[in-house]
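The structure appears right after this line, and notes come after that.
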Amino acid sequence: MGKPAADLDGLNPDHAYLRTPILVITILGIVTAQVVEVCVRRLGTMVRRGAELEEVI
């Protein structure tokens with residue numbers, strides 16, 4: 760396996776300071792998308808089962 764972010768090795772040295780923020784924002788974006796997917800699936804399951812929101816809250 761190669762180094763993490765090996766594709767950023769050719770980055771212009773003037774922009775090298777952006778490597779960590781780009782990686783952090785990308786990882787947080789992926790985690791956020793996964794959390795949203797789980798929440799939407801759970802909400803869809805509750806709707807299919809006919810659960811009323813008042814019972815859940």
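Our numbering puts the sequence shown at residues 760 to 816.
Think of the CB as a built atom: it goes at the ideal place given N, C-alpha and C, for glycine as much as any other residue.
These figures come from a predicted structure and were not determined experimentally.
Coarse secondary structure for residue i, derived from DSSP in three states
i	result
Ala-775	helix
Ala-810	coil
Spatial neighbours of residue i in its chain, beta-carbon cut-off 7 Å, leaving aside the 5 residues before and after
i	result
Ala-810	none
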